[in-house]
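Numbered as in our numbering, the sequence shown ends at 215 without a single skipped number.
Idealized CB from N, CA, C, for every residue including glycine.
For reference, the structure is listed below as structure tokens.
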Amino acid sequence: MTEASVLSKVLYVDLSNKRYWIKDRGDLFKERLGGTGAAIRLLKEECREGTDPLAPESPIILCVGYLNGIFPLASKTVAMFKSPLTKNLGESHAGGRCGVAMRMAGLGGIVIKGKSEIPVYLVVNDEGVRFKDASALWGMSSSSTVGRIIREREAGAGIRAIMRIGRAGENLVSYAGVITETFRHFGRLGLGAVFGSKKLKAIVIHGRTSLTLRDARGYREVYEELFRS
């Protein structure tokens, strides 16, 4: 466990009205331990039965678990959504820096709903959310170029992760994915199309706080025991 981060905070973003708020959901993370358990609970709360996967009210859920940013190999971020491909549960996992960045931004989960009038990308950190115009990025043929432009625009200290879609997501291809860290993907089941339906080009997460262990010696003992077994 860390000083800063018993997981409890969930960030809610309303793209339609360009607003956000944070709720303390310590109960959720205590019962579900974060990750997939927390994400499926949030999806159940936020996605009504019969919701069209590409409707504004269809949510995007991102969650991390207690070991993200603390224990090696525990790097995955889970995305939960209603799949435009199957019209059923959509679940996808990606490695890379997303999970660590979320933890270091003080977040256990993110819920995104609504639809922007123009293409946007979100910049998320421990101070809140900024909504940035992504009109110039929409329609670019290379997602690598998009990533490079965003990196130049959103430079800063700490751990940064950029999740973004390409042309398939923009055009609502039902199996489009979301790219993160260039070589990582939230693949299968169409999360990219859900991003595209909301005019959400990308999410940038800056993690700027430290995760300090309360008991470094105890952590080391557990670490060595697990890796010996």
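Which residues DSSP lists as bridging D119, in chain order: For D119, the beta-bridge partners assigned by DSSP are V106.
May I ask you to report which of helix, strand or coil DSSP gives C49? In the three-state DSSP reduction, C49 falls in the strand class (E or B).
Please go through the stretch 14 to 44 and give each complete alpha helix (DSSP H) segment of 4 or more residues, from N-terminal end onward. Secondary structure in the stretch 14 to 44: the alpha helix (DSSP H) runs of 4 residues or longer, each lying completely within the stretch, are 21 to 32 in chain order.
Any idea what DSSP makes of I151, helix, strand or coil? Three-state result, I151: coil.
Where G114 sits in the DSSP three-state scheme: When secondary structure is reduced to three states using DSSP, G114 falls in the strand class.
Apart from the five residues on each side of it in sequence, which residues of its chain come closer than 7 Å, Cβ to Cβ, to L14? Excluding residues within five positions, the ones whose Cβ falls inside 7 Å are A24 and R27.
DSSP on L75, reduced to helix/strand/coil? Residue state, collapsed to three classes: strand.
Enumerate in chain order the residues of its own chain whose CB-to-CB distance from L(-3) is below 6 Å, with the five nearest sequence positions on each side excluded. Hits under 6 Å: I8, L93 and I96.
Reference H192; option with closest CA among I56, I136 and G182: Its Cα nearest to that of H192, the residue I136 stands out among I56, I136 and G182.
Which residue or residues does DSSP assign as beta-bridge partners of K(-5)? Answer by DSSP bridge pairing, in chain order: D10.
Cα-Cα separation, F213 to G204: The alpha-carbon atoms of F213 and G204 are separated by roughly 14 Å.
Counting beta carbon pairs with one atom in the stretch 43 to 62 and one in the stretch 111 to 123, are three or more of them shorter than 8 Å? With the rule of 3 Cβ pairs closer than 8 Å, the stretch 111 to 123 does not count as touching the stretch 43 to 62.
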